[in-house]
Structures are given as C-alpha cells and as structure tokens.
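Engineer: Numbered per the UniProt record's numbering, the sequence shown spans residues 1 to 1279. From the three backbone atoms N, C-alpha and C, an ideal C-beta is built for every residue, glycine too. Take a look at the following structure, please.
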Amino acid sequence: LDSRMPPVDNVKKPQNLGSLLELIFNSKTVTVVSGRRLKLNKINDYLLSIGSKPCQIADISSIQVKLRCSYLCITDRTVMDQQTNTKREEPQQQQQSQSQPHPPPPPPPPQQQQQQQQPQQQNKQATSGRESDSDDEDSNSPLEESPCGRWQKRRERVQRRNVPGIDATYLAMDNELGVEVAWNEVHFNDRRQLMLQQRSICAMFDRLVELDHPYLVKVHSYWLDEDRARVVLITDYMSSGSVAQFLRRTAQGGVSTKPPSSGGRSWRKWCLPVLLALDYLHSFEPPVVHGHLTNSAIFIQQNGVIKVAFVMPEGAAVELHGLRSAATSRESARQHHQHMYYVAPECRAPGSRGTVQADIYAFGVCALEMAAMGLLGDGDQLTRALQSLENPSQRQLVEQCFSTVPSQRPTAHQLIFHPALFEVPSLLLLAAHEVLRGPDTFSEFDPAAAAGARGGRHASSVGGVGSSGGKLPGRRQSGVLAELVGVDGTRHVMVCREDVNTHDLEKLLEDVRNGIYPLAGLQHRSSVDGSYVAGDDDRCPVGTGDSVDASAASAAVAAAAGGGGVGAGDSDGGGGGDAAAVGVGSSSTYDVVSGRGLGVAGDHRGSSLSPSRLRPFGGDPLTNGLQHGVSASLMEPKHEARKKPSRAGEFEETRELVELSAEVRPAEQSGAYVLAMMLKFEDRMNRELTGQFTDDESPEALSDELVEYGFVRPRDHHRLVDLIGQAMALCRQSQATVDEINKDRVLRYLFDISCRNLLPLIFVNGDCVGGVEELARLVEKGILKEWLADHQYDLVVIGGGSGGLAAAKDAALAGKRVAVLDFVTPTPLGTTWGLGGTCVNVGCIPKKLMHCTSLLGKNLADARKFGWKYGEEVKHSWTDMVTAIQSHITSLNWNYRVQLREKSVTYLNAFGTFVGSHSIKATDKRNKEQIITSDRFIIATGLRPRYLDVPGVKEYCITSDDVFSLPYCPGKTLCVGASYVSLECAGFLRGLGLDVTVMVRSILLRGFDQDMANRVGNHMQTVEGVRFIYKCIPTKIERLQDGQPGLLRVTAKKEDGEEVVDEYNTVLIAIGRDALTDALNLDKVGVETHPKNKKILCYANEQSTTAPYIYAIGDVLYRGLELTPVAIKAGRLLAKRLFGLSNILCDRYLTPTTVFTPLEYGCCGMSEEEAIEEYGEINIEVFHSYFTPLEYTVPKRDDSEHCYAKLICNKHDDMRILGFHLLGPNAGEITQGFAIGLKLKATKHDFDLLVGIHPTCAEVFTQLTVTKSSQQVLKKTGC
C-alpha cells in the first residue's frame, strides 16, 4: 500500500472482509482503497465544499483472512532414564500423562492420521449416539465447510437433542484445534424477512457467542447462510447424550417404583452445575433468561461434567416464529407441548415470555426427575414423584422451586447454598484446587520420602495448604497434604500422603481440573461489565470466623482420607451456617467455579511475560475456563496484602524438564503475539502456560521471566531460549506469508466486485469509479455532487422483463427502496403487452406453447398406429389457441405485479428517459410526466425486432412481436431470416398445416454449430415440408389484397442476380433484434453504446464503462447472451453485489440452450468451428451417432432418420467434453441435465462409465464409440 496516507482521521482499518464491504457499500461518501495524500486532500476539500462527508481511506493491510493451517509448534524433549539416571534423546513421541490435559499436538502425517482414525471412529460409534452407524470413509468426508474454512461439516448426523430452536445437528471438525464440534442449523422459510432482520438476528447470536461458562455448552461461532435461509452455529460436541436420555434408559421411560436413591452425591453433581450455569446467566443486568431448561437440554460429557445447552434465547422463538419453516414450526410446537410441564404456570399463556423465576421452576422439575430417576409428565406425576422423595431436604428444595408465587422462589445463587446441595469442601478437595492454582502456593514434597512412606510407590506432588498460604515448615518430610489451622495456630486435623492412595490423588486432580468438583459456595459472579464480583448471598456456609467446628472438619477430612469422596458427608447434617472456617489464603488468580487455573499472581510489569499474563489452561481446548480472571483469592482477607514473588529462592523450580513445546501465534491486537507452552517434568507432572508478549521482546527476556517466577529451573534456561526463538522465527515467517496471502485475497475480492485490477480503487456509495482520474472527470462534470445527494430510491430498474424483475425483487429483499419502470412501445401494427418482458409475452412462453401445439398434431397422427380410434377429420382452430395462450400470459402479467407489490417495489407503467445524472422523467400512456431520482440505475430494456430497410416492410409485414397474438390464421407465410426465431416460427406454423417458406440470406443459425444447423434445415425441408430459398433477400413488399390475412407480393433478389417473385398471405421478418437505447437519452449521462446494435458497453460486472452508477443486464448488454435464464441469473447476482451481499459474477460460460424447431436442437459448450479455432482440428475428437427414439418406431416416423448426437472432446485434456450437441425429441430436457457435467469438466471417460437409462434418447451419450476422424459410416441404432 502507498505509505503516503492521508491524515489519520480519515483512515479506516477494517478487520475483515465484512467490515470492508460495510465501509464500501454503506458509507454515503467517497471510499478509497489506497491513495496519495496530495490528491486525496484535494478530494476532501471538494467534498467539504459541497457539504458532503470527507473522503475515507480503507487500509486493507489490517484485514485478516483466516487460513486453514496456521498451527506452528516446536518441541524439545528429553527423557529421563530412571534406572541408570542418564539422559537420552528419544525421537519418538512419548505417551502423555492421563492425569493432565495437553494442548492440541501438530497434525500427524497422513499415514499416522489414518491409523489413529480407526479406533477413534469405533469409540465414537459406541458412545456418541449418532444417527449413522456407518464406519466407512464416506461418513467422515466433509459435506461443506464454514466460510472461514475452520469448521468442516461431516455426514454423520447427531441424534435430535430436543434443544429448542435447533433443526439439525451434524458432527463437524475444528481444523485449527483438531477436535470434534457440533454443527447446528437453524432453518428459516422467509428469506426476505431473514435478510431484513439480519441485524437483530446477528445481535441475538452475538450475545450467545459472548456467553462463556464452564457449565454452558459453548457457542463458538455462527454465520448466516442467505442462499439456504439458515443460521449455522458451532457448539461443543457432547458425546454422552443428555440427562433425559440417561433417565429414559434407566427408568424405561417412567418413574422408578423403587425408593429413589437421590441422597447420594450423583444428584448433587448433576444439580450444582445447572445452578451455577443459571446463576451465571441471571447475574447479568438485565438477566439472561434461559427459558427452555429441560433435562433434554442438560448434557453429560464422558468425564462426568454436566453442561447446559443454551442455543435459542428466551423470546427469540417468538420473535422468529414467522421466519421458521413449516416443518420447523410443527416440530417446535410438538416439543413445546411435550415439555409443557417444565414451563412455570404463569408462563403457559400464549405469547408469554420466560422469567428468571420460570427458570427456577424448570430447574425444580429437572431436579425432581433426577431424584426420581425417570422422566415425568403432567402435574399428577410431578405430585406423586414429589411425595415419593424420602429426603426431606430435597423435597423442600423442589417445593420452593414450585412455589405458586414467583417472587417467593429462591434464586439460583441461594439454591447453591441449600442444605440439600451444599457440602463443606474437604481438605483434600481444597488442597487439590490449591495445587492447580499454581506452583507458588504450596511446598513440594520429596518424592523419595513419599515413595518410602507408601512402600516405594511413586506419587504425584501435592502441596500443603495453610491459613496464610505459605509453606509448612517442618512438614516436608512428613508427607502432609492439608491441615486445618486455627487463628491461634492450633492444628486440628491433618491429612497425610500415606492416608490417601496415589491413584486416587491423580484421579482427583484430573477431576478437579475438568470441573467435576467445583467450589460452588465460593464462586464469583459475573457483573454487567464482564468482571467477576463476589456472590450476593449472605448465607455463605464457608466463612472466615474465629472458631472452628472440629467435628465438621473431622467429618470432611475423614471423608477425604477414606478416598470415598470430596465432600463433607451427608448434606442434611451440615452445610448450614455451622461450617468449618477453612483458611485457603493464596495469591493466585483462579476460576473457583470450574477449577481451572487462569493465572498466577505476580508482579505486573507492563508488557513483560510476568505470571499476571501467563496462565495455565485446561484440557478442553474449546472451553478454556472463563474469559475473565478472578483477581481475589478464595476467602482471602481484604486487608491482607498480596505477596509478591522474589527473583529466586522461595519459588525456584528444582524439577528437571523432560519435555517442552512452544507455539507462537499472532494476537488479536496488532504488534502482539501469544506464547503457549507445555512443560513436562521428570515427576510426570505437566504445566501448561500461555501469555502475550510484544514484538520487541527477545527469547532471552521471556526465558528470564519464566525462570524468575519459578516456572522452570535455571539450568533449563538455554533450552527455553532456543525453543522460543525457533517458534518466534517460524511464526514471523508464517505471518509474512499470511500477510501476503491476506493482501492477495482482499485485492482479488475487490477486483472481482469492481472488475478493475489496479490500485487505488475509488468507490462512491459502493459503486467503483476506478482511479483518481476517473473521479476527477466526475467532479468536472458535476456528477459527484449529485451522486452524493439523497434520492428517492436506492435503485431504479428500467425495463420490466425477466432480468429486471429479478434484480428488483432481490434488491427489495435486501431492504432497499426500489422502483420498476416498464412501458411497451407498440409495434407498427399496434401490438402491445403487459409486464414481464419479451420472454413472457412475445418470446419463450408463447413460442414453446405453439411448438407443443404443433407436436400434438403429429402425436394425433401417431395415435392411430397405437390403436386409438377417432374421426377422420381433425381440425385446428388458430383463434382458440391464441385465446388460450394469451389468457395464460395475462395471468402471468398479473402475478408479476402482485409479486412487486408484496415485496414493496414501486411499479410505474411509464417510459423513462434520463434528464439528469440521477434523475429520470417517467411518462405514462396518458403523457403524464413525473421526475424520480435514484442512487443507481439498471437498464434492462431488452431488444426489439429489426426491420428491413425495404419498401412496404413496416406497413405490411409482421414480426415475432405480432405473431403470437395475431387474431387470425396467417395462412401462407414467408419467414425472412435464418435466425432461431425465424426457424422456430416456421416450424410450428408448418406443424399447424400452413404453407411456409424460409428466405435465407447466408447461413442457418449463425453462431451455432453449422453441422447441426444444416441438419436442422435438412429435417425441416425433407420431413416437415418447409421450403427454403437460399442466398436471397427481399427488395419490395406490395399489398395485393386487404383482409385478414390479405395477400402480399414479395419481390426478392438472389446472390447471382436472379429475381424471385411470389405471393404470400403473411410475411414475418426475423432477421435480428436491436436495442432501442437511443430513446432513453443515454447521452445525457454519458453511457457508451455500440455504434451498430446500440447495446450498452459494460465491464464484466454489468457496470457501464462510462457511467459507474448505471448497470445493464439481459439482451441490452453488449456481448451478453440473449437468453432469459442468463438475464435472470445476472439480475439476481447484480442486486446482491450492488449492496455488498456477494461478489459472484454471472458465469455465462457453458450455458445450455435449445432451439425449438420441429426436431429440437439442444447444445452446450463449443461448436465444432469454435473448438477447431481454439485448439486446432488435430487436437479435437468428435464422437457422434444416429439414434432412433422408441416412440418413433411403431408409427415409423421419418424423423428417426435425423436424430443425431455428438460430443466434441479435447484430446490433450483427458478427452474433456468441449461441446454437447443433440438433435431429437425433448432435446431441451436432455441438454439441461448433461450441462452440469460439462460445468464439472466431465470427460468422455466419465460419459462412458455412466449407466444410461433404458430406453431413452439420452442413453445414446453413454454409448458413443464412432469418431468423425475414423470416417466410419454411421449406422442408425434403436432400442
């Protein structure tokens, strides 16, 4: 980019393509992508002088385009040989310790990946509950991927979880982290409303992404898919199913008849996480209401962690009800009825919205079902289940949740301290939490001494916990794990290492790290600003009083030492206000809800790699604890000063590093990086750290801090320097490549939407002007000032044909103000028509209907051969046919007007001419005029038939604009011209029994394959009886007799000078079509047109080459295809590009088409002439064959001699199909299907492998073996 940027006030730095497009398309000013300061300042001066906003610069260097592979990890591994006490380097990867989580490893080689996938797939099939039991490779192949390429949707569909708002859930893969996630889809049926409410929908799902709690199913990302009218959400994948599924399997769908074993800890382990999640949601201001809490929305991970699904916020289902599909609405209604008993009584009225108290009621139902070990239903079942509870504390909790007065129901925070749920944490649990909080709050024990105490068994190091958070002098050799110390220094209870099994300690640490045993009563809650504050309930059972309840403490320690749990015994007896005062002083930053460490307090020294920004992270790479750390320690006295670590000594690490790995990646803010490290020590304990550093910090400085704060021993300093240095070098090298790729991608995107390939690019109101010189010309002409002014409409479409209507309706779907002007200038005979353009009124629709009419006549003749008996006389009524066809066309005209009205598009039946740069004069049929203004214009006026400059042509001849509504039978007809319009009209007129002649000036079907064109003409002449006059043009038309149809004399002259004179009832002129753009006064706005056919000259994006706010689509576009489907596709894509919804251009290459002559001709791709010119005759091969349709065999139709198929192939491109050509019945239907094969670059081998449908005409393309180059005589084949 140009370094000479304008003043910083004008520079915008979009972070992604979406924000760049927002800047370009939604800013009512001039937007420059790169530019020079001097010239831009002049532009600013001009803009300020006309009262406009100043020019803005889009600095695309800040845009980040996510790449699929960005993981860089350097590993240094040293293995300790415990038998010989010697070190050795081991090249193979060590198996990770099961008790500690690890960061995601680099992707293994392909062969290793295949070996690893097999056991993983088997495990998934056994536990995940997916709908597909297939274990083949297809089940793992991605169906689609996210726009950023990070997530890939798999074929395996996850069973319906009954999560409100979700229509389909699939398994997906996170390519960055290498873990499985859930791909959830929310389907809508009203695409227009979805686009109109895009902001509110995005705001709703943005709120979901922001929610982050260890007991909520995390929503990682989402995006809107407008083409499929859906929203896709990426969430955690919960492999073990829901609590409802567990209860259904346990109780076989009913309430257990056995006394509920609900007094155990399993019930508490299920209920507490749900309450913690609700407490987190309700702590916001205003509170976030779940609204759909059921046991179907509570999930269990394989490690036992409970998580609550929260996908569709309360009220969203009501707001989006009109947008959901019919099937989705029915399914939602069914689920709502099925789960009605979870809904609080005050919220069951239609239209009612949930409240915080309603969430508590739903939790009461969930807790009751968990206690009863079965799913319930109506009120009677709830009452019976409640009465069957033997535990009075549980019954009391549920009754409080079921209170008929919502205000009397307890809060989630209060329920956490209910006697039925709360239990005093054991010393062992507190010690485990303290260990995971950081290495600076506990003393290490001698492994040898501990091993000796346990008979030589090796145990993991666990720290002691004291009231001051310091070390326990004299306790190192005794193996003390934890103890209660009173304020007077008296030690009441002690837990030693020999009292607890080593395996139990490792399992406990793993469970605490995974969040299975939270310190629920000591949680910190979320405030409005995202920070965490202390709980708002005063009844905290764990306090800081002066007395110690030794009995409670003894019970806690006894429970812990016995290895049977981590609580304080029965919740009925304790858990109230008489709990032990347990001092857990510490200077750590810690997530007390999940048990995950979020940091180690230390000296906050700016940008240095101090422990304040180095944080251990948990094993789940997707839910890495809460986003915000807790600045206060557990139960830490507010008046006690926080201790700062010294450089060495007290916190010095002594263990040897066995393995270490480092990853460096760019941080979100510019100039910063994230360092993630995994340290594995000789005692099999791991330490995982992550933190930020700036670009000016060296590996030596970072390593110094890691040693200083006791993370590694000083002897490993040099290893850290080498490792971090390598990771930083690779990251910067990769980042340079990424920056280059980002720039290339952004520029390629801009070049796609602008069809320019030079910088700077200047946009005005989203339309690309070009460079500074082009903008200067607009200023000189005074156009820029008018362009930046406010106008009546965002878009005005001139022309009500298929392309114009498609563009107008799609622009209206984007919420824009749109108007359509449509006026039909009558033909010389006075013919006019309604809304819909040429195709609907005087083109494709009536032509195909009359073509079918002529085919029905032949079918009637064939019917006798198949045994049908009917009268000998068969007549056709031209008047009845025209009346029926025009009636159908009138209904289409009305439907188009209704569609415009429904989409709030203004329709004006008026002729538009430009009177200013952004103003049009609209004149209706009564000559009433009005001026309308718009930001942009699309010209879609189509073409009208061209007349010969010959006497009598306009006075006596008709065109295709007249023939389809002609009130009388045309009689003997002369079709002048060899275009597809002329041949199609000659074909159906001859099929109706009329005498038809075609006068050809040069060749048939110019622009089509001439071999096929001559075959069409030969069939029409030899089989249909159409007479052809070649190398001849009319010179005079005279009327001999008035009437309908009357009688005309045509004088023509051949190329050799011979004069031809004949008489006809009707002469139809079909020599081509011209654009009537001169009447639009395009010179007023400087739109350049082709001098011969008056078509508009445009870039590939349909933008005028000289007027950047004017576009053209359809037949009026120079070098465009004169086909209705192309105009429709181009109009829809253009409307999306104009308003920043897409950058896709209309692809006109390999567009299939069909000429509806009596024997239809369908084609796609190159003609033989084009292929020879492009590749050379020696480099192409043509496969061809005659064929006989089965329906032609019994009546012995002469048409069977002319049915022909051929494929044009490129010899040097694996015989890729260049052209597809077919002459036969229903050629249009056949060609449409094969066209997709050509789009996908099908080869002749692909056609040969395709199994044909028998008996059909299309199967001939799977059996082509004869080539033109072989000069073999073709034999006609049949079924």
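1. Here's the rule: buried if 16 or more other CB atoms are within 10 angstroms of the residue's CB, otherwise exposed. What is residue 639?
2. Please identify the residue among 1244, 229, 982 whose C-alpha is closest to the C-alpha of residue 1006.
3. Could you check where the beta strand (DSSP E) with residue 1041 kicks off and where it finishes?
4. Quick one: what does DSSP say residue 1103 is sitting in, helix, strand or coil?
5. Report yes or no: do the segment 270-281 and the segment 343-352 share at least 3 C-beta pairs separated by less than 8 Å?
6. For the structure I just gave you, are there three or more beta carbon pairs, one from the segment 1005-1019 and one from the segment 974-989, closer than 8 Å?
7. Going by Cα to Cα distance, which pick from 58, 949, 790 is closest to residue 32?
8. From the DSSP secondary-structure annotation, give me the bridge partner or partners of residue 856.
9. Three or more C-beta pairs closer than 8 Å, one from the segment 1076-1095 and one from the segment 937-948: is that the case here?
10. Note down, in chain order, each residue of its chain lying with its Cβ closer than 7 Å to the Cβ of residue 838, except the 5 sequence neighbours on either side.
11. Using only alpha-carbon positions, find the residue among 185, 892, 716, 295 that is nearest to residue 231.
12. With which residues is residue 1270 paired in a DSSP beta bridge?
13. Can you list, in chain order, the residues of its chain whose CB lies under 7 Å from that of residue 1259, leaving out five sequence neighbours each side?
14. Pull up the CB-CB distance for residue 862 and residue 1023, whole angstroms please, since I reckon it's below 8 Å.
15. How far does the beta strand (DSSP E) with residue 677 in it extend, from its first residue to its last?
16. DSSP on residue 876, reduced to helix/strand/coil?
17. Measure the beta-carbon distance from residue 831 to residue 1042 and round it to whole angstroms, keeping in mind my assumption that it falls under 8 Å.
18. Is residue 1187 helix, strand or coil when you go by DSSP?
19. Using C-beta distances below 8 Å, list every residue in its chain close to residue 954, excluding the 5 sequence neighbours before and after it, in chain order.
20. So what does DSSP say about residue 201, is it helix, strand or coil?
21. According to DSSP, is residue 1164 helix, strand or coil?
22. Have a look at 25, 233, 752 and flag the residue whose alpha-carbon is nearest the alpha-carbon of residue 1145.
23. Can you grab the Cα-Cα spacing for the pair residue 402 / residue 169, in whole Å?
24. Going by C-alpha distance, which of 721, 1079, 1001, 1075 is nearest residue 1090?
25. Just curious, the alpha helix (DSSP H) that residue 370 is in, first and last residue?
26. Can you pull the DSSP bridge partners for residue 1221?
27. Name, in chain order, the residues that DSSP records as bridge partners for residue 183.
28. In angstroms, rounded to a whole number, what distance separates the CA positions of residue 1085 and residue 990?
29. According to DSSP, is residue 340 helix, strand or coil?
30. Any heavy atom of the ligand SAH closer than 6 Å to the CB of residue 1241?
31. For residue 1286, does the count of other Cβ atoms within 10 angstroms reach 16, so buried, or fall short, so exposed?
32. Quick one: is residue 915 buried, meaning 16 or more other Cβ sit within 10 Å of its Cβ, or exposed?
33. According to DSSP, is residue 936 part of a helix, a strand, or is it coil?
34. Express the C-alpha separation of residue 1014 and residue 1270 in angstroms, rounding to a whole number.
35. Residue 239: buried (16+ other C-beta within 10 angstroms of its C-beta) or exposed?
36. Counting Cβ pairs, one atom from each stretch, are 3 or more of them under 8 Å apart for the segment 862-872 and the segment 1185-1195?
Structural biologist: The relevant details are as follows:
1. With a pLDDT of 31 at residue 639, under the threshold of 50, the modelled position of that residue is not reliable, and the figure given next carries that caveat. It is exposed - the Cβ of residue 639 has fewer than 16 other Cβ atoms within 10 Å.
2. A check of alpha carbon separations from residue 1006 across 1244, 229, 982 identifies 982 as the nearest.
3. Counting along the chain, the beta strand (DSSP E) containing residue 1041 begins and ends at 1032-1041.
4. If DSSP states are grouped into helix, strand and coil, residue 1103 belongs with the strands.
5. Counting Cβ pairs under 8 Å, fewer than three are found: no touch.
6. With the cut-off at 8 Å, the segment 1005-1019 and the segment 974-989 touch.
7. Of 58, 949, 790, the residue nearest in Cα terms is 58.
8. DSSP lists no partner for residue 856.
9. Yes, they touch.
10. Result list for residue 838: 801, 942, in chain order.
11. When each option's Cα is compared against that of residue 231, the closest is 185.
12. Its beta-bridge partners do not exist; DSSP assigns none.
13. Taken in chain order, the residues that qualify are 1252, 1253.
14. About 14 Å separates the two Cβ atoms, so there is no contact after all.
15. Per DSSP, the continuous beta strand (DSSP E) segment holding residue 677 begins and ends at 672-681.
16. Of the three classes helix, strand and coil, the one that applies to residue 876 here is coil, per DSSP.
17. Between residue 831 and residue 1042, the beta carbon gap of about 19 Å keeps them out of contact (Cβ cut-off 8 Å).
18. DSSP places residue 1187 in coil when its eight states are reduced to three.
19. Hits under 8 Å: 828, 947.
20. Assigned with DSSP and collapsed to three states, residue 201 falls in helix.
21. Note: residue 1164 maps to strand in three-state DSSP.
22. Closest by alpha carbon: 752.
23. CA-to-CA, the gap between residue 402 and residue 169 works out to about 33 Å.
24. Among 721, 1079, 1001, 1075, the Cα nearest to that of residue 1090 is on 1075.
25. In the DSSP assignment, residue 370 falls within the alpha helix (DSSP H) that extends over 356-372.
26. DSSP output for residue 1221 lists 1163, 1206 as bridge partner(s).
27. Answer by DSSP bridge pairing, in chain order: 170, 234.
28. Roughly 47 Å between the two C-alpha positions.
29. Helix at residue 340.
30. Only the bare structure without any ligand can be found here, which leaves the ligand SAH out of the picture.
31. The requested residue 1286 does not occur in the structure, where the chain is confined to residues 1 to 1279.
32. Residue 915 should be labelled exposed.
33. Strand at residue 936.
34. Cα to Cα, residue 1270 sits roughly 22 Å from residue 1014.
35. By the neighbour-count criterion, in which a residue is buried when 16 or more other Cβ atoms sit within 10 angstroms of its Cβ, residue 239 is buried.
36. Between the segment 862-872 and the segment 1185-1195 there are three or more inter-stretch CB-CB distances shorter than 8 Å, so the stretches are counted as touching.
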